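Notes to accompany the following structure.
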Amino acid sequence: MPSDDTVVLHVTNNGPESVTFSQVLVDEAYWEFRVEGAGGDRTLAPRQSARIVVPYHWTPGWDLHVDLLLADGTTVSHTIVAPQASPGMTATVLVTLALVGVFVGIIPVVLGMLWFPFIRSMSDRALHAMLLFAAGVLAFLAFDAAFEAFELADRIPGVYEGPLLVVLGVVGALLSVQAVSAWRERRVAAGDDRAAGGLWVAYLVALGIGLHNLAEGLAIGSSFALGRVSLGTFLVVGFMLHNVTEGPAVVAPVADGERPALRHFAALGLLAGAPVILGGWIGGVAFSPTLGALFLAVGVGAILQVDWELARLVRAADGRVASATNLLSFLVGFAVMYATGILVVV
């Protein structure tokens, strides 16, 4: 809500025929209204979206029941639960969201990456277990993002086929990362030593985590934009603790072999953590269920392919992916993310 004197409804015509708004009731009383974005009238064509603005003074925290009466006699009802005024998207808010992204995304991931010296000192068997721990972390992120994507898909107008959009995002991202992986294999076959190391896989891991963290930023930004500041603050604290566990997963693939340059560590940390900033801005300015579901789906597809790359990395080092130690490490990675995920309730 832009202010406590105005009610704004975002509507989309989900049907095959045009609809015309004739009356608007707020808490069972008729009110004047205007429709913005419908070509200057009150009629919406199929798939067209608009805003219905009602000059109505409401009380923060008190539910509002809105009825939209269409010209054909149909009534569309909606309840706005515990409305709050939106702070608006000013330069100050954007800077604040950027700082939140730094503390939620970049700093926790970098703190987790500080485990690199310890991981580097591990034996081959322990290192393989650490790689499967990273795979478990990513598997949890994939499951978590998939569930959230399909939840958001239920809120997408039916004409856009939300579930199919999610499937398209997953498959498209998976095939895109696979295409990049195939290009990398061709480089290895051509004798490019840089493409043969674990640094490549580390960047893929950071990319998968970054796409997931982009969705976390969307949740934080949309919470602040909708005036749900207390929820946004809780998400910040929860995601900070949650994201610390992602750092070891980023550096595990480069623990064996030559130590990468510091610029690579900086790039890995930014790739994994900085998308929270971008997500916060998008969520604060133009969040929509369609956009959120698509980003989550892309993250799922990328993470699934990265998990496959981690398993290949273990096999290439003459390790058994399905050994008891590795499977236990995978489950521990999944369980750790589940335990920290309990702290985040959206």
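Be aware that the sequence shown starts at 2, since it is given in my numbering, and climbs by one per residue.
We put the CB at the ideal spot given by N, CA and C, even for glycine.
Please read these numbers as outputs of a predicted model, since none were measured by experiment.
Counting along the chain, the unbroken alpha helix (DSSP H) around TYR339 starts and ends at 325-342.
Under the three-pair Cβ rule at 8 Å, the region 267-280 does not count as touching the region 183-191. The closest CA to that of LEU292, considering only THR7, ASP28, ILE157, is found on ILE157.
Around the CB of HIS58, fewer than 16 other CB atoms lie within 10 Å, so the residue is classed as exposed. Boundaries for LEU271: no beta strand (DSSP E) harbours it, while the alpha helix (DSSP H) harbouring it runs 263-274, taken from the DSSP string.
With a threshold of 16 other beta carbon atoms within 10 Å, GLY38 falls short and is exposed. In this structure GLY274 is in contact with ASN214, their Cβ atoms being roughly 6 Å apart against a cut-off of 8 Å. For HIS58, no alpha helix (DSSP H) encloses it, and the DSSP letter there is neither H nor E. Going by beta carbons, GLY334 and GLY199 fall outside the 9 Å limit. Here ALA323 is exposed, its C-beta having fewer than 16 other C-beta atoms within 10 Å.
Burial is judged here by how many other beta carbons sit within 10 angstroms of a residue's own beta carbon; ASP308 has at least 16 and is buried. Non-local C-beta neighbours of ILE210 in its own chain, meaning closer than 6 Å and more than five positions away in sequence, comprise GLU247, ALA273, ordered along the chain. With 16 or more other Cβ atoms inside 10 Å of its own Cβ, PHE117 counts as buried. Counting only runs that start and end inside the region 15-51, the beta strand (DSSP E) elements of at least 3 residues fall at 20-27, 30-32, 35-37.
A direct Cα-Cα distance of roughly 45 Å separates ALA30 from GLY300. Separation of LEU153 and GLN179 (C-alpha to C-alpha, rounded to the nearest whole angstrom) is 26 Å. DSSP, reduced to helix, strand and coil, places ASP68 within a strand of the structure shown.
Cα atoms of LEU128 and LEU279: separation of roughly 33 Å, rounded to the nearest angstrom. Of the residues ALA298, THR97, PHE144, SER23, the one whose Cα lies closest to the Cα of GLY342 is PHE144.
For the set TRP282, VAL202, LEU165, VAL54, the Cα lying nearest the Cα of ALA183 is the one of VAL202. In this structure, LEU26 keeps its C-beta atom at 9 Å or more from the C-beta atom of HIS79. In the displayed model, LEU115 falls within coil according to three-state DSSP, outside both helix and strand.
Beyond the five residues adjoining it in sequence on each side, PRO47 comes within less than 6 Å, by CB distance, of ASN14, PRO17 in the same chain, given in chain order. One thing to note: PHE134 has its Cβ no nearer than 9 Å to the Cβ of ALA317. Here VAL82 is exposed, its C-beta having fewer than 16 other C-beta atoms within 10 Å.
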